[in-house]
Each structure stands twice: as C-alpha cells, then as structure tokens.
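First up is the structure itself, then whatever we jot down about it.
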Amino acid sequence: MVYSDGDELCNNICYVFQIGGNIVCSVILTKFLGMTGIILGSVIGNGLGILTCFWHFFRKKNTLHFVWHLSFKDFLLTSKYSIVDSSVYICWGLMDFVMIGFISRAYGDTGLVALAVVVSLIEFGVVMDGVGMAMQPLIGTYYGEKNHVLIKRVMKSGFKAAVLEGLIATGLIFVFAKQFCGLFGIGEGETLEPSIAAIRIVCCGFTLCSVVSLTTSYYMLIDRIRMALFFAMLQNGALYILLPILGSLLFGINGLWAGFIVAPLLTLICAYVYVFLRFGKANFPFLLKDIDSDIVVMDDVLTAEAASALSERVRVCVESHGYPAKTVSYSALFVEEIGLTILEKNKEMKKPILFELSLFFEKDSVLIVERDSGELFDVTDPNAHVKGLSGFSELMKSNDEKAYLVTTGYNRNMIRFSKS
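Here's what the structure looks like:
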C-alpha cells in the first residue's frame, strides 16, 4: 500500500527493519528461548516493519487517508487475493512436519540440525517475491487500462530482474554459508559441514524460486487466482515433500537437499506446459489475448527538445491511423504542451523527469494516457494556470473527456480526442 502510494524510501526502510529486525532478534532470543526465540524474532521483525510503514502517513507526499469501513464482502475479496501467500506458509508448515519425521528416522540429530537451517533458508527465500511485489501496482494499473503492451514490457523486465535477484542471492548465500550457519549457533562440531553443504545445495534453487514467485504473482494479478494457488501449492507443498524424500532414497542426504532445487524447476515446467496447452500459443504466457488492441507506447526523459520530438512522433502516428487533421493537431499539441507544462512546474527539480505516453487507438477516438515522475499536479485542470502556457489551458477547457489520477506516486493524465 505504501509502495503503491509512491513512497519507495519508506517502503525500503520497512524491509530493512522487517528483515534486519527478524535476523537480529532471532539470533539474540534463540540463545535464551531456543526455537521459540526464532518465532518471536519473526514476530518482532514484522512488527517493526509495520510500525515503520506508519511513518508514511506523516509525510507530505502521503495521499492515503484512514476511512472507517467494515464490509464482510470486501473482507472475502481481500482474502481471495491473499490466499496464495497464505497457502505458501501452510504448505511450509506441512513440509516441515513431514521432513522432521523422515529425517529424524533416516539421518538423526545431524540431519535435523541441517533441516532447521534449510527451513530457515527457505523462509528467508520469501524475499524472492520482491520483484513480484514491486510490480503489482504497475501491473494492476496497466491491466485496468487494458494496456497489454506495457504489461508485457514490465513482465519481460521483471523476469530479467527475478533471474538477477536469484543469482545474487545464490552467490551471497553460497559464499557466506558458514556465517549463515553461525546465525543459528552452529560454529563448529559435526553438524557444521553437513549444514553448510545443505545450504549451498538448496540456495542453488533461489533463481528458480524467484521466477516461480513472479509467475504466481502475475497470474494472481490478472485474476487467475486458482491457477496461481495451484502452482504455489504444487511447489511449496507436494513437490517440497515428495522430491526430497525421493532424492534421499535414490542419492542419500545430498539428494534430499537437491529435491528442493528440482521442485521449483518442475513447477515452472508444469505451469508453462499447462498454460500453453490450456490457452494456446497465441495467448502464451501472459493470457492477454482478450484485451489485445492497437496501442502505441512512447517514453523518454523529459526535456523541451524531447517534448517537441514526442509531439511530432504522435502527430505522425495519429495521422498514419487515418484520423482527421483536427484530431492529429490536437493530439500533437496536447503532448507538447503537457510536456512543457510539466517542465515549468518542475523547473526546480534536479533529478530527471520520466515521461511516458500510451496511445489507445479506438474506433471513434484516440485516448492518450500520459505518466510522469514530476511533482503531483493535475495538468488537466482548466483552472490550473502555468505561466506562458495559456494555450494549453484553453485546450483543457475545450475538452470534457479528460481525467487525472495518481498511480504508484506518478501523475497520470488522460484525454480523449474524437474523430468527429
């Protein structure tokens, strides 16, 4: 919610307190309370993260306001979209229960110690869902607009980020495996080497886990909740139980840990094969065929020259789609004038302003959606005066089909020009 309101700083500080508080408190409390200390540390870490989020409500950029609302229907709707994450923790609990029984019989106390570290590592892997969480506001906005072009662009970038995130996490855990064991008081003795080996094997699946998390997050966001739930439970429930046991029977204890790598790989294979066979090649893998339409996207770092260049590109694009000269002229004028308006309003800003245009070519009109990272300001307001740009104000007054909305901390202005 805080991230969706555009406060990245508060959101990042929240994660530092949540993860850092979890680790520090768990390490300290486990010396006095054992496993109970780890659980209590997790509670404290999450509590610190939530408290940090409240800082956002006192910041100037906050647009969120508390409104008393109680609705059982909305509660069920919220539960519907949180069921995927909830199911993961339930599956982990079931997996932990089964693995404790199996490993205690097969490998004794040494195996149980290694399992405790591996389970904590798997739970730490929840950060692999970071890319999916970061993309949720954008995907939700673009899906609401039926902007399949930007959804695909964001998802392709997301997959690259998920792979990179997984590789970095794998490298860090592999190198600092001994130190990770030290967090649980395993610094020497016969349990150290097996625990290090287990961590290094299991962390090799982090990249795959990151891609699975991104995949389930995406399908949940486009309202394919049952499918996302099935994929999440397949990996974290059925395969996290069956494959380690099978690997142990075939290859010993290292095969057991390797089962945690194969599980996300097999989940991805099953997921994409199912989507391909169920929805067809034309709809694979994003399932956006039903919102397919003629959309052109342009973006740039905003300058006066960029505003003029984008205006000309819009002019050529709208004209090539067969729109009359008046619509072509108004569309180009809107783009250039809104760019100059944003520059004038943000002339004191030192960081670059990102500027994005989406042109939706409809049967009787063209809808232009503009986003920018400048100061929050409704440029579609005909009463908003900006020095030197009276022509833009007149254009806003003459057009009734316009709207302004803040999304993920960015300005979003929309205006429609009809063919007639």
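Using the numbering used here, the first residue of the sequence shown is number 110, and each one after it goes up by one. Note that beta-carbon positions come from the ideal geometry of N, C-alpha and C, so glycine has one too. All of these numbers come straight from a predicted model, not from anything done at the bench.
Rounded separation between F163 and V125 - CA only = Your numbering for residue 163 matches position 54 in the sequence shown. Your numbering for residue 125 matches position 16 in the sequence shown. Cα-Cα distance, rounded: 15 Å.
query = What residue range is occupied by the uninterrupted beta strand (DSSP E) comprising I524?
reply = Taking the sequence shown and counting its residues from 1, one reaches residue 524 at position 415. 519 to 527 is the extent of the beta strand (DSSP E) around I524.
Nearest-angstrom Cβ-Cβ length linking V478 and E254, presumed shorter than 8 Å = Your numbering for residue 478 matches position 369 in the sequence shown. Your numbering for residue 254 matches position 145 in the sequence shown. Contact flag correct, Cβ pair sits at about 7 Å.
query = Taking the alpha-carbon positions, what's the D401 to I260 distance?
reply = As a first step, residue 401 must be located in the sequence shown, where it is residue number 292. As a first step, residue 260 must be located in the sequence shown, where it is residue number 151. Cα to Cα, D401 sits roughly 11 Å from I260.
message = Can you check which of these residues, S482, G280, D481, L466, is closest to V475 by C-alpha distance?
response = Taking the sequence shown and counting its residues from 1, one reaches residue 475 at position 366. Nearest option by C-alpha distance: L466.
query = Alpha carbon to alpha carbon, how far is L498 from L247?
reply = By one-based count along the sequence shown, residue 498 stands at place 389. By one-based count along the sequence shown, residue 247 stands at place 138. With a pLDDT of only 48 at L498, under 50, the local geometry of the prediction cannot be trusted, and the value read off the model is given with reservation. Looking at the two C-alpha atoms, the distance is approximately 31 Å.
task = Could you tell me which of K528, N392, P394 sits nearest to I428, measuring between CA atoms?
result = The count along the sequence shown starts at 1 and reaches residue 428 at position 319. The residue you asked about is not Ile; residue 428 is Glu in the sequence shown. When the alpha-carbon of E428 is set against those of K528, N392, P394, the nearest one is in K528.
request  = May I ask you to report which of helix, strand or coil DSSP gives F531?
outcome  = Nothing in the structure corresponds to residue 531, since the chain is present only between 110 and 529.
query = Excluding sequence positions up to five away, which residues of its chain have a Cβ less than 7 Å from the Cβ of P461?
reply = In the sequence shown, the residue the question calls residue 461 occupies position 352. Excluding positions up to five away in sequence, the list reads V410.
task = Would you list the one or two residues that DSSP bridges to I404?
result = Position 295 of the sequence shown, counting from 1, holds the residue named residue 404. According to DSSP, I404 shares a beta bridge with F469.
key: Own chain partners of S326 with C-beta closer than 6 Å, once the 5 adjacent residues on each side are dropped   = In the sequence shown, counting from the first residue as 1, residue 326 sits at position 217. These residues qualify, in order along the chain: G241.
request  = Mind checking who R480 pairs with in its DSSP beta bridge?
outcome  = Numbered from its first residue, the sequence shown carries residue 480 at position 371. As a beta-bridge residue in DSSP terms, R480 pairs with E465, R521.
task = Kindly indicate the opening and closing residues of the alpha helix (DSSP H) around E445.
result = As a working mapping, residue 445 is identified with position 336 in the sequence shown. For E445, the enclosing alpha helix (DSSP H) starts and ends at 434 to 454.
ask   = Where are the alpha helix (DSSP H) runs, 4 residues long or more, that stay fully inside the region 311 to 378, in chain order?
value = Segments of the alpha helix (DSSP H) lying fully in the region 311 to 378: 315 to 330, 334 to 342, 349 to 360.
request  = Give a yes or no on contact between the region 382 to 389 and the region 405 to 420, applying the rule of three or more CB pairs nearer than 8 Å.
outcome  = Counting Cβ pairs under 8 Å, fewer than three are found: no touch.
request  = Taking A391 as part of the alpha helix (DSSP H), name the residues at either end of that continuous run.
outcome  = Within the sequence shown, residue 391 is the residue found at index 282, counting from 1. Unbroken run through A391: none, as it is neither H nor E.
ask   = In terms of residues, what are the limits of the alpha helix (DSSP H) holding M264?
value = Here residue 264 refers to the residue found at position 155 when the sequence shown is read from its first residue. 257 to 284 is the extent of the alpha helix (DSSP H) around M264.
key: Residue nearest to V272 in terms of C-alpha spacing, selected from H165, Y190, G130, V320   = Start at 1 with the first residue of the sequence shown, and residue 272 comes out as number 163. For the residues H165, Y190, G130, V320, the minimum Cα distance to V272 belongs to V320.
inquiry  = Considering Cα atoms alone, identify which of R335, F166, G129 is closest to D194.
reply    = Along the sequence shown, read from residue 1 onward, the residue named residue 194 stands at position 85. R335 is the residue among R335, F166, G129 whose C-alpha sits nearest the C-alpha of D194.
key: L301 versus Q288, I153, C312, V311, residue with shortest Cα-Cα distance   = The residue labelled residue 301 in the question sits at position 192 within the sequence shown. When only C-alpha atoms are compared, the closest one is Q288.
query = Of all the alpha helix (DSSP H) runs that stay within the bounds of the region 192 to 264, which reach a length of 4 or more residues?
reply = Fully enclosed alpha helix (DSSP H) runs of 4 or longer: 217 to 233, 239 to 254.
query = If you draw a straight line from the alpha carbon of Y252 to that of L419, how long is it in whole angstroms?
reply = On the sequence shown, position 143 is the one that residue 252 refers to. On the sequence shown, position 310 is the one that residue 419 refers to. Approximately 24 Å between the Cα atoms of the pair.
inquiry  = With distance defined between alpha-carbon atoms, name the residue in C312, G298, R168, E299 nearest to F285.
reply    = Position 176 of the sequence shown, counting from 1, holds the residue named residue 285. Relative to the Cα of F285, the nearest Cα in the group C312, G298, R168, E299 belongs to C312.
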